[in-house]
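Visitor: Counted the way my numbering counts, the sequence shown spans residues 34 to 344. The beta-carbon is built from N, C-alpha and C at its ideal position, and this holds for glycine as well. Just dropping this structure here.
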Amino acid sequence: MAQVPALNLDTDHITVSGLSSGGYMANQFHLAYSDWIDGAGILAAGPYYCAKGDISTALSQCVDKTEPAIDVDALTGKVKTLAQEGKLAPLSALQNDKVWLFHGTRDVRVNSAVSDALNAQYAALMPAEQITYVNNKPVAHLFPTKNNGGQCMSSDSPYIGRCDYDAAGEMLNFLLDGLQPASDKLSGEVMSFSQQTLAGDNASTMAETGYAYIPASCREGEKCRVHVSFHGCNQYAEAVGKAYVEQTGLNNWADSNNMVVVYPQTRKSLFMPLNPQGCWDWWGYTGEDYATRSGEQINAVRDIVLGLSSN
């Protein structure tokens, strides 16, 4: 696979997305750097700091059940405190952002109350009219597409479903104005890069190789915008190949809109840290600062985006 060439990227205005643990990471990354992230699309995930740095809290409150119920006000207070301390971006930076949220009615992996709490938290932090919450589609725990992937009603690897619903397009058209229609035939290709080379020790819990979709226009030096998309648990490349990198529909929209899509990759780890499903860190396996500007994976992905624009 070809290596990513030098690119001319607009790194002042990026958008992010993610599914499940990738949705949690997209939210953490957004709040940490909302001063240069303009929008986030989050599927099947819960509010910022839901796990409070504890795996047992993550499992009891933030996935398929909420016992006890999530205290959205307390978690939102945590966001405000961390922003005041400079560990997240200033809350003023959120005021012009857009957020697109999704939860499928057939999702039994992540409880609807968990996604409802994320919607409520964002509504407490930014203008409600800049948030869209799609929660009426009969979709399982997966990334819904027009016609890629497996059965829409069952949550099976690689967690991409033929649902006659273009989540990538719905999301990007809400986050960004004036998009051209998606390309049917891609002009570019998926290329690889070394995450450790670009991000160093901050990428120690991540895979060696990350991926990016590069439209022909971007490869030829045109200035291109950036979208970062975080896969879910058990959706990293070692587990599903390039299914998430190639099948969500994001690349088709990117291709016709001068947009590079960066797909950072985790890896599974059975001990030190314990992450057997290759999830993004939304409960603290990389350290207590996991959800802030000091978080290892947040810094790694930031360095990857900046590195790809200057390598």
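Buried or exposed, going by whether 16 or more other CB atoms sit within 10 Å of the CB of LYS131?
Guide: Within the sequence shown, the letter at position 98 stands for residue 131. Label assigned to LYS131: buried.
Visitor: Curious, which full-length alpha helix (DSSP H) runs of at least 4 residues does the region 126-211 contain?
Guide: 145-158 and 200-208
Visitor: Below 8 Å on the Cβ atoms is my contact criterion, and I expect LEU341 with VAL273 to pass it. Report the Cβ-Cβ distance as a whole number of Å.
Guide: In the sequence shown, the residue the question calls residue 341 occupies position 308. In the sequence shown, the residue the question calls residue 273 occupies position 240. Wrong, their Cβ atoms sit about 23 Å apart, outside the cutoff.
Visitor: Have a look at the DSSP bridge pairing and note the partners of TYR246.
Guide: Indexing the sequence shown from 1 puts residue 246 at position 213. Answer is VAL223 and VAL294.
Visitor: From THR138 to CYS185, what distance separates their C-alpha atoms?
Guide: In the sequence shown, counting from the first residue as 1, residue 138 sits at position 105. In the sequence shown, counting from the first residue as 1, residue 185 sits at position 152. Roughly 11 Å separates the two Cα atoms.
Visitor: Between which two residues does the alpha helix (DSSP H) carrying ALA333 extend?
Guide: For the purposes of this step, residue 333 is identified with residue 300 of the sequence shown, where counting begins at 1. Where ALA333 is concerned, the enclosing alpha helix (DSSP H) stretches over 329-341.
Visitor: In terms of alpha-carbon separation, which member of TRP315, ARG258, LYS301 and ALA236 lies closest to LEU92?
Guide: Counting from one through the sequence shown, the residue named residue 92 turns up at place 59. With distances taken between Cα atoms, LEU92 lies closest to TRP315.
Visitor: Can you list, in chain order, the residues of its chain whose CB lies under 8 Å from that of VAL49, leaving out five sequence neighbours each side?
Guide: Within the sequence shown, numbered from 1, the residue matching residue 49 stands at position 16. ALA59, PHE62, HIS63, ILE70, GLY72, ALA73, GLY74, HIS260, VAL261, SER262 and PHE263.
Visitor: Could you tell me whether the Cβ atoms of LEU231 and ASP336 are closer together than 8 Å?
Guide: To locate residue 231, count along the sequence shown from 1; it is residue 198. To locate residue 336, count along the sequence shown from 1; it is residue 303. Yes, Cβ-Cβ distance for LEU231 and ASP336 is below 8 Å.
Visitor: In whole angstroms, give me the CA-to-CA distance for ILE26 and LEU209.
Guide: As shown, the chain starts at 34 and ends at 344. That puts residue 26 outside it, with no answer to give.
Visitor: The ligand NAP heavy atoms versus the CB of GLY311: any closer than 7 Å?
Guide: Absence of the ligand NAP from the depicted structure is noted, as is the absence of any ligand whatsoever, leaving it without description.
Visitor: How about GLU222 and ALA78: do their beta carbons lie closer than 8 Å?
Guide: Counting from one through the sequence shown, the residue named residue 222 turns up at place 189. Counting from one through the sequence shown, the residue named residue 78 turns up at place 45. In this structure, ALA78 does not lie closer than 8 Å to GLU222 by Cβ.
Visitor: Between ILE331, TYR269, SER327 and ASN291, which has its C-alpha nearest GLN310's C-alpha?
Guide: Within the sequence shown, residue 310 is the residue found at index 277, counting from 1. With distances taken between Cα atoms, GLN310 lies closest to TYR269.
Visitor: Can you say whether HIS174 is buried or exposed, counting buried as having 16 or more other CB atoms within 10 angstroms of its CB?
Guide: As a working mapping, residue 174 is identified with position 141 in the sequence shown. With 16 or more other Cβ atoms within 10 Å, it is buried.
Visitor: If you count every other CB in all the chains shown that lies within 10 Å of the CB of ASN285, and 16 or more means buried, which is it?
Guide: Numbered from its first residue, the sequence shown carries residue 285 at position 252. ASN285 should be labelled buried.
Visitor: Let me check understanding here. Comparing Cα to Cα, which of GLU162, VAL112, GLU100 and SER302 lies closest to VAL147?
Guide: On the sequence shown, residue 147 is found 114 positions in, with the first residue counted as 1. It is GLU100 whose Cα lies nearest to the Cα of VAL147.
Visitor: What alpha helix (DSSP H) runs, 4 residues minimum, are completely inside the region 43-70?
Guide: 54-65
Visitor: Hey, PRO80 and LEU52: beta-carbon distance below 8 Å or not?
Guide: What you label residue 80 is simply residue 47 of the sequence shown in a count that begins at 1. What you label residue 52 is simply residue 19 of the sequence shown in a count that begins at 1. Taking 8 Å as the Cβ cut-off, PRO80 and LEU52 do not qualify as a contacting pair.
Visitor: What whole-angstrom Cβ distance do ASN41 and LYS301 have, given they're in contact under 8 Å?
Guide: The residue you call residue 41 lines up with position 8 of the sequence shown. The residue you call residue 301 lines up with position 268 of the sequence shown. Between LYS301 and ASN41 the Cβ distance is about 35 Å, and since that is not below 8 Å, they are no contact.
Visitor: Please report how far the alpha carbon of ASN129 lies from the alpha carbon of ASN291, in whole angstroms.
Guide: Locating residue 129 in the sequence shown gives position 96, counting from the first residue. Locating residue 291 in the sequence shown gives position 258, counting from the first residue. Rounded to whole angstroms, ASN129 to ASN291 spans 22 Å at the Cα level.
Visitor: If you follow the alpha helix (DSSP H) that VAL278 is in, where does it begin and where does it stop?
Guide: Indexing the sequence shown from 1 puts residue 278 at position 245. It spans 276-280 - the alpha helix (DSSP H) in which VAL278 sits, taken as one unbroken run.
Visitor: Taking all protein chains shown into account, do 16 or more other C-beta atoms lie within 10 angstroms of the C-beta of VAL112, making it buried, or fewer, making it exposed?
Guide: Taking the sequence shown and counting its residues from 1, the one referred to as residue 112 is at position 79. Buried, by the Cβ-count rule.
Visitor: Using the Cβ count rule (16 or more neighbours within 10 Å means buried), how would you classify PRO160?
Guide: In the sequence shown, residue 160 corresponds to position 127, counting from 1. Classification for PRO160: exposed.
Visitor: Between LEU205 and the rest of its own chain, which residues show a CB-CB distance below 7 Å, the 5 nearest in sequence each way excluded?
Guide: Here residue 205 corresponds to residue number 172 of the sequence shown, with the count starting at 1. Taking C-beta separations shorter than 7 Å and ignoring five residues to either side along the sequence, the partners of LEU205 in its chain run LEU212 and TRP286, following chain order.
Visitor: Find out if the Cβ-Cβ distance for the pair SER188, ARG142 is shorter than 8 Å.
Guide: Translated into positions along the sequence shown, residue 188 becomes position 155. Translated into positions along the sequence shown, residue 142 becomes position 109. Yes. Within cutoff.
Visitor: So, at 7 Å on beta carbons, what are the nonlocal neighbours of LEU121 in its own chain, with the 5 sequence-adjacent residues on each side left out?
Guide: Counting from one through the sequence shown, the residue named residue 121 turns up at place 88. These residues qualify, in order along the chain: LEU64, ALA65, VAL112, LEU115, THR325 and ARG326.
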